[in-house]
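All you need for the working numbering is the position in the sequence shown, starting with 1, plus 197.
Here a beta-carbon is modelled for each residue, glycine too, at the ideal position from N, C-alpha and C.
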Amino acid sequence: MTTTPGDPGRLPENVAHFVRLLRGAGLPVGPGHTITAARALDAVDITSKRQFFWALYGTLVSRHEHRHIFESAFRLFWRDPFGVDEALSALLSRSQIPVERPTSKAPARLSPEHEAANRSTGELARDSGERIALRMAFSPDEVSRTRDFEEMTPAELRQAREAMRKLELDLRPVRTRRHRPDPRGRLIDLRRTLRTTVRTGGNPLPLQRRSMATRRPVLVTLCDISGSMEAYARILLHFCHALTNAADRVHTFVFGTRLTNITRLLKDRDVDRALDRVGDTVTDWYGGTRIGAALGAFNLHWSRRLLAQGAVVLLVTDGLDREGGAGIRLQARRLRKSCRKLVWLNPLLRYREFAPRAAGIRALLPEVDEHRPVHNLDSLERLAHALSGRR
């Protein structure tokens, strides 16, 4: 560390400055946390970077999702506390923590212009000549594929949206109850054989054959747009738009506190216009989540109409439910019985330390066929390959 934590003269001042940095980044810390952190540092060997880190972490971080913010701020601040204001701009451009905010419509939040405005400060910091050391040692293409959507720059988000448009999702065909003529079919089509014989005056002809007809299954996406999903809902709606315009029998719903069918809105091939219309129509953006109620509404009003033979349902949510998981298991079980496959796409799986602690997560897990991460392009490509039957 460029700044030595063990300097007793500047340490209290630096700790207070560090707490202000965390508060500016969105962590719920105040003056009381500064005192607690200072006392914790008195109890450890502050010349040890490891002990110094965990003393601050244990007193200043209260939620698991704030960990990556703290780690980034720690690296930036204790390297150069006097240049931290510039570093904070870059940090805020890469890390968005859900906070309380007035209710507003979503079109601006869904637009590339809004993303660029939110992150313009970070772009200026990156262009200033002093590169913030938050990059991985991979090629640009690999970084874009493996970088978390939440941490992407505006340029990387544009590349991600373009990649989504090119992503091929060729769903594995499923057999229907209908038959089709097939010269190599295993079944004899007796009706067609008799008709052919009558037309030829009874002369014997080769047997007409048939096989089971196949077709692409229905694909239904149920996407959580609550506050905890804000960073992912925005980019995943671009993915849903690409799916809707690339194939038929694709349906998309969003839910926060209520369920809304946005399939027709996404049929517009202009993605910006389509998402503007979605933003004007949907009223429960980035608020609470009622997963059980949303699944129940789908089961009641849409399940029988849409979930034909072989249907695949993608449930995009982090499983954090404001009602403590009430009704989720029952409704998820009903949904599972109505479709061929229920796939849960969970951005929280990006954490290696992920554990099903929340009630909603524990209720969902036993009722799904697959539980997959959905936080970067690589995870979407893996999903497409799995649904297409490719490896």
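Run of the beta strand (DSSP E) containing residue i, from where it starts to where it stops
i	result
E567	567–569
T350	No beta strand (DSSP E) contains T350, which DSSP labels as neither H nor E.
F450	447–452
P404	Just to set this straight, residue 404 is Leu in the shown sequence, not Pro. Looking at the DSSP string, L404 is not in any beta strand (DSSP E), and its letter there is neither H nor E.
D421	416–421
Residue span of the alpha helix (DSSP H) that contains residue i, given as start and end
i	result
K538	No alpha helix (DSSP H) holds K538; the beta strand (DSSP E) holding it covers 538–542.
D575	574–585
V468	468–478
T457	No alpha helix (DSSP H) contains T457, which is instead part of the beta strand (DSSP E) from 456–458.
L391	387–396
L434	427–443
L561	556–561
Residue i, buried or exposed, once every other Cβ within 10 Å from all chains shown has been counted against 16
i	result
I432	buried
I616	Outside the displayed range of the chain (198 to 588) lies residue 616, so it cannot be described from this structure.
C452	The question names Cys, but residue 452 is Phe in the sequence shown. By the neighbour-count rule (16 or more Cβ atoms within 10 Å), F452 is buried.
S585	exposed
Q506	exposed
P351	buried
S269	buried
A357	buried
P228	exposed
D473	buried
P544	buried
E564	buried
T418	buried
F551	exposed
H261	exposed
V395	exposed
S286	Here the model assigns S286 a pLDDT of 48, short of 50, so the residue's position is not dependable, and the following value carries that caveat. The residue in question, S286, is buried, as its Cβ has 16 or more Cβ neighbours within 10 Å.
S576	buried
L321	Residue confidence is low: L321 scores 34 on pLDDT, short of 50, so the model does not pin down where it sits. Its coordinate-derived value is still stated next. So L321 ends up on the exposed side.
E312	Because E312 sits at a pLDDT of 48, beneath the cut-off of 50, its placement in the model cannot be relied upon, and the following sentence gives the value as read from the coordinates. With 16 or more Cβ atoms within 10 Å of its Cβ, E312 is classed as buried.
Residue i to residue j span [Cα, whole Å]
i	j	result
G255	G484	29 Å
T460	A222	36 Å
H498	P378	36 Å
R501	K534	11 Å
G382	L517	50 Å
R519	L218	29 Å
E578	L208	47 Å
G493	E427	23 Å
V415	F346	27 Å
R512	V540	According to the sequence displayed, residue 512 carries Leu and not Arg. One C-alpha to the other measures close to 6 Å.
I558	G522	8 Å
V510	S259	35 Å
L391	L504	37 Å
R526	A508	20 Å
A581	L562	21 Å
L354	K363	14 Å
D566	R537	9 Å
V212	D467	50 Å
D469	R547	28 Å
Q248	D515	32 Å
L224	H263	7 Å
R425	H265	In the sequence as displayed, the identity of residue 425 is Ser instead of Arg. Their backbone Cα atoms lie some 15 Å apart in a straight line.
M361	L542	16 Å
S245	W482	45 Å
P380	P403	10 Å
A430	F250	33 Å
L387	Q405	7 Å
T449	A237	50 Å
C437	R342	18 Å
E359	A443	14 Å
G326	D465	Bear in mind that a pLDDT of 32 at G326, under 50, signals an unreliable position, so the number given afterwards is only what the model happens to contain. Spanning the two alpha carbons is a distance of roughly 42 Å.
T231	V216	6 Å
N315	A240	Model confidence at N315 stands at a pLDDT of 49, short of 50, so the residue's coordinates are unreliable; what they give is reported in the following sentence. Looking at the two C-alpha atoms, the distance is approximately 40 Å.
G549	R344	First, the amino acid is wrong: residue 549 is Arg here, not Gly. C-alpha separation (whole angstroms): 15 Å.
L462	E348	28 Å
T457	R407	42 Å
R446	F267	44 Å
I243	R554	33 Å
R220	H214	10 Å
H435	R455	21 Å
A471	T441	11 Å
Distance cut-off 8 Å: residue i Cβ against heavy atoms of the ligand MN
i	result
H448	No copy of the ligand MN appears in this structure; indeed no ligand is present at all.
task = Counting only runs of 4+ residues fully inside the region 481–524, write out the alpha helix (DSSP H) ranges in chain order.
result = 488–498, 500–503
Every unbroken alpha helix (DSSP H) within the region 198–263, with a cutoff of 4 residues, ordered by chain = 208–221, 228–239, 246–257
ask   = Can we say the region 486–502 touches the region 459–477, given the rule of at least three CB pairs closer than 8 Å?
value = no
ask   = For the 8 Å Cβ check, are there 3 or more pairs between the region 523–538 and the region 569–581?
value = no
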